[in-house]
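Novice: Quick note, this note's numbering runs 600 ahead of the 1-based positions in the sequence shown. Backbone N, C-alpha and C define an ideal beta-carbon position, used for all residues, glycine too.
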Amino acid sequence: MGKTKELSKDFRDKIVDLYKAGMGYKAISKKLDEKVTTVCAIIRKWKKYNITVNRPRPGAPCKISPRGVSLIMRKAKNQPRTTREELVNDLKAAGTTVSKKPIGNTLRRNGLKSCSARQVPLLKKAHVQARLKFANEHINDSERDWEKVLWPTSPHRQEDERGHDRKILGDNLLASARALKNGSWMGLPARQ
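(1) Around the Cβ of residue 676, are there at least 16 other Cβ atoms within 10 angstroms (buried) or fewer (exposed)?
(2) Could you check the C-alpha separation between residue 683 and residue 660 for me, to the nearest Å?
(3) Note down, one range per segment and in chain order, each beta strand (DSSP E) of at least 3 residues found wholly within the stretch 669-721.
(4) Candidates 715, 607, 622, 742: which alpha carbon is nearest residue 680's?
(5) Reducing DSSP to helix, strand and coil, say where residue 634 ends up.
(6) Rounded to the nearest angstrom, what separates residue 616 and residue 658 at their Cα positions?
(7) Taking the beta carbon of residue 709 as the centre, do at least 16 other beta carbons fall within 10 Å, making it buried, or is it exposed?
(8) From this set, 638, 622, 728, which residue's C-alpha is nearest residue 611's C-alpha?
(9) Can you give the beta carbon distance from residue 698 to residue 664, rounded, assuming they're within the 8 Å contact cut?
(10) How big is the Cα-Cα spacing for residue 712 and residue 727?
(11) Report the residue from 746, 633, 629 whose alpha carbon sits nearest the alpha carbon of residue 640.
(12) Ignore the nearest five residues each way along the sequence and tell me which others in residue 635's own chain have a CB closer than 8 Å to its CB.
(13) With distances taken Cα to Cα, identify the nearest neighbour of residue 703 among 688, 692, 696.
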């Protein structure tokens, strides 16, 4: 059952006055044509706080209206790469002024993540020069030369990929490196 219309202060005061006059909950309910639970709740609140109006709710009120929330969600779902700044501007155009923080909270509350875009540093001149130098040095390399290069693979490599890497190393390892692996160095025999 949905929420009904809120009762006026005068109507609540009338319920309390009838209770003070000695009438019971059911009698007040019948006389004013209101539910017994409603009458009971109003009288309980009057007994506890000595007021009949609604007390202020804890916490700050929402800054973004339900209409603004639907605007944010629609834009975020249709254009996932929308920034919070763009959403702030859209809400400002609709008449609501908020900062980025409530936008992110609203997105999280409705099941979407609010992420900051990763800032990738631009290449420095030295890096660009090094890449150009490498490209120019290897521009005429044959496909056979590139087969000998060990390319990085994902961390979840399979055993057959590891075996393939070992085979490439075995085929292309220099004799001096093999000698080091076997324990000899600079042509000297390995220690016994």
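Specialist: By the coordinates alone:
(1) Residue 676 is buried by the Cβ-count criterion.
(2) Cα to Cα, the separation comes out at about 25 Å.
(3) Fully enclosed beta strand (DSSP E) runs of 3 or longer: not present.
(4) For residue 680, the closest of 715, 607, 622, 742 by C-alpha to C-alpha distance is 715.
(5) In this structure, DSSP gives residue 634 a state outside helix and strand, which the three-state scheme calls coil.
(6) Taken atom to atom, the span from the alpha-carbon of residue 616 to that of residue 658 is near 25 Å.
(7) That one is exposed.
(8) The shortest Cα separation from residue 611 among 638, 622, 728 belongs to 638.
(9) Cβ-Cβ separation between residue 698 and residue 664: approximately 6 Å, consistent with a contact (criterion under 8 Å).
(10) So the two alpha carbons sit approximately 38 Å from each other.
(11) For the set 746, 633, 629, the Cα lying nearest the Cα of residue 640 is the one of 629.
(12) Answer for residue 635: 629, listed in chain order.
(13) Cα-wise, what sits closest to residue 703 is 688.
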